Each structure stands twice: as structure tokens, then as C-alpha cells.
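Everything below concerns the one structure shown next.
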Amino acid sequence: MLKGKKIILGICGSIAAYKAATLTRLLVKAGAEVQVVMTPEATAFITPLTLATLSNKPVLTEYFDEHTGEWNKHVHLGLWADRLLIAPASANTLAKLANGLCDNLLCAIYLSARCPVYFAPAMDLDMFSHPATQQNIQRLQSFGNILIPPDSGELASGLVGEGRLAEPEEITTFIEQSFATGGVSKAREDAALPLAGKKALVSAGPTYEAIDPVRFIGNHSSGKMGYAIAETLQGLGADVTLVSGPTALAAPQQVLRIDVTSAKEMLEACTQTFTEADITVMSAAVADYTPVEVASQKIKKKDPHFSIALTKTTDILASLGAAKRPDQILAGFALETNNEEANALIKLENKNLDFIVLNSMQDKGAGFAGDSNKITIIDRNKQQTTFALKSKKEVATDICNYILTIYNTKSAKSL
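The sequence shown maps to residues 10 to 424 in the working numbering.
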């Protein structure tokens, strides 16, 4: 399965780097062309000469050869590879990759890679279980990178627990199976995702409240934010149901979309799905009012003044909040034009949310229709996290990383 495949093997500064010799030999034996790239720290644990001998290629550690000036083109390497495998991946390197830092050749190749990226952590028990490391792993997974989970056992410190680098044979099999279309590897990769087996409900887009057969009350929501959240949750392994008002967007792959038009239809669809949902993000812009009566025929323009009697729609978010179980995560959005924080806090409290995403129409580049957004997340303790203006896809990643943090906290409390 690996014959002729091009693999970059990134090796970081970890005592487990000694296993990279066996891993390199196994990949080459299976027919792969292996280019080893080492961080400077990794060379203290295993020599480049050993790995160059086993891979039949010079080992790369720096951007250029200081003696000849020859440049190791990270962009070319990122395009060359069929797979980028980082094993062992140290806590330090995980932190750099998760935050886009680029102070060595391996980090530069990672940021340039267009191929699937696999990373196999190796570190001591406390380092691996630390919230910062776990958050970095989750962030990398949210980018679509694949975790090769560490084993449990005796560690270099003498502690026993999770953090051992997966065995070279296991890593090789993992990479081999990743090339098999629809093979075992896909199931294993999905199982390694942080939200594997979890169900998510996302609402998106506007609702249209009919006045007559051709007119409606609506808003300018494009649905882009909710669709980006649904796609990101699916990428994290969740089974996602997207309840969507009228939009021109295509449903994200492997996401079940339920199309609705009115607030009543959205309420019914969300209520039916919510009971089984582990995570619910209500980003739809639902009409607060709907006409009391809908004309059966198009209303003709006659009188100089015309009024429509309206009645409140059912508050979907409040209804779900009232039914929410302690193990469920429920988040809402607050798009405000004034008294933004105060209004968001009222919604957070009254609707029993785990957190609320606040954005203001006063912020340039935020709000409906556009491709960017600027948000502040407020949690149940009124703690605020404000993010810079970003693309809606990046904002979706920030929101989903926040969800992962809450999910892991709730899971730990339930143990």
C-alpha cells in the first residue's frame, strides 16, 4: 500500500525519538520514499546519520545548509509529500503547530503542506493530560489533522499512564490504511476525532414569515456562520444535523440538512432533534414576530396606509434551554445594535445557555451576509473571550474549540 508513496517523517525532541529509526525502516521496507525532517532538539536524542542511513536520503534540520547555502524549500516539500507524519510529536511542537508558529523547518513544512497530516504525540503523563496540551491537540484536529493516539504504559519518568508513542508497527499500519479507500483507516481516524460518536444540532439562516403567497417578513441572514459551524463540528467527528432556513448555500458534506421556512417549522425540526443532541448551536436568525393571518391571495396595493397584525413566535432557544439536560451543551447567538453586552447577558441567563456568542452590528466586517465576523464569547460565569475580526470559517473554529473545552470539562465531571 505504501509503494511509491512520498512521506515526510517529522521527528521532534522526545526520548521516544529512538523509535523513529524503526519507524523509518518499516516505512522504507513497505516501499515508501521517506524524507526525514528533524527539529534541532530531536538531534540530541537520535543522530541524523542513523536516519539518513535508514531512509537513504539526507536528513533535513535547517532551512539551509550554512556551508553551501543550499535552500531546503519548505513549500516544495509541502507540495511533494503524500503524507506528513510527525512522530514523535512533542508538547512543544504541538503548541507551535496549533498556533501557527514557524521557527524551524518542520513547522514551515507543516504550514505549507497540502497533504493529510498525521501526528503521534509522545510525552510524560502530566504533560499529555495538561489542559494546554489537550487544547492544542483539539485545535490541530479541528484543522483536519489526524491524531494517532498514544499508548498507555510505563513512561521515561517512571510514571505509568497515557503518553507513550504508539509503536512503530502500529503507526506504519495506520499510515498504510490511510491510503485504502473507504478502508479500516477511515474508521480509525474518525474514532480518533474528539467528537466521534456525538450528535450535534446547528440552526442557520433566516426564517421567512408569510404575509401572502408572494411576500414575507424576513432578515438578511445568509446562513454562512451556521454552515461553517456545522462543517467544523462534522470535521471534529460529530454526527451533525443542520436545520436551515432559506439560503443559497450548499449543505456541507456528510451533514444532514433539514430545510425549513418559518419560525414554526424551525421550532418543530429543532425540538425533534434536540433530545438526542449532545451539542446544540442555535445561530439562525429567527423572526420574533409572525403575521396573525396570512392572506390567501396576493394583497393588492390600494390604500395609502397598510398595517399587519403580528404575534410573537415561540422562542426556540428558550424552549430548548428549558428542556436542556446537564450533559448537553447549548449555545446561542446575540446580534446586537446597542447595549450589546447587557442584552447578551440577559439572553444567556434567561435561556439557560452554556455560552452565548455576541456580535455587534457596530463592528465593521461583522454581522450578516459578509464572509467575516467579530465575536465575543460569554460563558455562564460571565467570563468573556473576545476574538479579532476573522473569516467565518476561522470564527467557527474558535467557537468549536470553545465547545471542546466545555465538552471535556463536562465529561471529566461525569467520571
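Just so you know, even glycine gets a beta-carbon here, dropped at the ideal spot from N, CA and C. On a predicted model such as this, the values are computed, not experimentally measured, just so you know.
Indicate whether residue i and residue j have their beta-carbon atoms separated by less than 8 Å.
i    : j    : result
L251 : A260 : yes
F364 : L329 : no
I412 : I325 : no
L149 : L103 : yes
P215 : G254 : yes
P177 : L35  : yes
V269 : A278 : yes
S151 : L245 : yes
A131 : G172 : yes
T181 : L32  : yes
L11  : A41  : yes
K28  : L174 : yes
I155 : A90  : no
L86  : I55  : no
By the DSSP assignment, the beta strand (DSSP E) with residue i in it spans what residues?
i    : result
P57  : That residue, P57, is in no beta strand (DSSP E); its alpha helix (DSSP H) goes 57 to 64.
M47  : 42 to 47
F128 : 126 to 130
L319 : 319 to 321
Q393 : 393 to 395
I288 : 288 to 291
I284 : At residue 284 the sequence reads Thr, which differs from the Ile that was named. No beta strand (DSSP E) contains T284, which DSSP labels as neither H nor E.
K15  : 15 to 20
I95  : 92 to 98
Which partner residues of residue i appear in the DSSP bridge assignment?
i    : result
D160 : R173
S369 : E345
K401 : Note: K401 sits in no beta bridge, so no partner.
A51  : Paired residues: none, contrary to the question.
D248 : K208
D268 : S253
T385 : L367, T395
Along the chain, where does the alpha helix (DSSP H) containing residue i start, and where does it finish?
i    : result
A30  : 28 to 38
Y298 : Not the alpha helix (DSSP H): Y298 falls in the beta strand (DSSP E), residues 298 to 300.
A141 : 140 to 151
K307 : Per DSSP, K307 belongs to no alpha helix (DSSP H) and is neither H nor E.
L168 : No alpha helix (DSSP H) contains L168, which DSSP labels as neither H nor E.
G87  : 83 to 89
T70  : Looking at the DSSP string, T70 is not in any alpha helix (DSSP H), and its letter there is neither H nor E.
L120 : 114 to 121
S328 : 325 to 332
For the putative contact between residue i and residue j, defined by C-beta atoms under 8 Å, what is the C-beta separation to the nearest angstrom?
i    : j    : result
S99  : S23  : 5 Å
D221 : A304 : 4 Å
K208 : A286 : 5 Å
P67  : I20  : So it is not a contact: roughly 14 Å between Cβ atoms.
K399 : N382 : 7 Å
A213 : S292 : 6 Å
V404 : M275 : Wrong, their Cβ atoms sit about 22 Å apart, outside the cutoff.
N368 : I384 : 5 Å
G227 : L258 : Not quite, the Cβ-Cβ distance comes to about 16 Å (not below 8 Å), so this is no contact.
T280 : Y298 : Actually they do not touch by this definition, with Cβ atoms about 20 Å apart.
Shorter than 8 Å from the beta carbon of residue i to some beta carbon of chain B?
i   : result
D91 : Protein chains in the displayed structure number just one, and chain B is not present.
- Determine, using beta-carbon pairs with one atom in the stretch 339 to 352 and one in the stretch 305 to 324, whether at least three such pairs fall under 8 Å. no
- Counting Cβ pairs closer than 8 Å, one from the stretch 107 to 118 and one from the stretch 126 to 140, do we hit at least three? no
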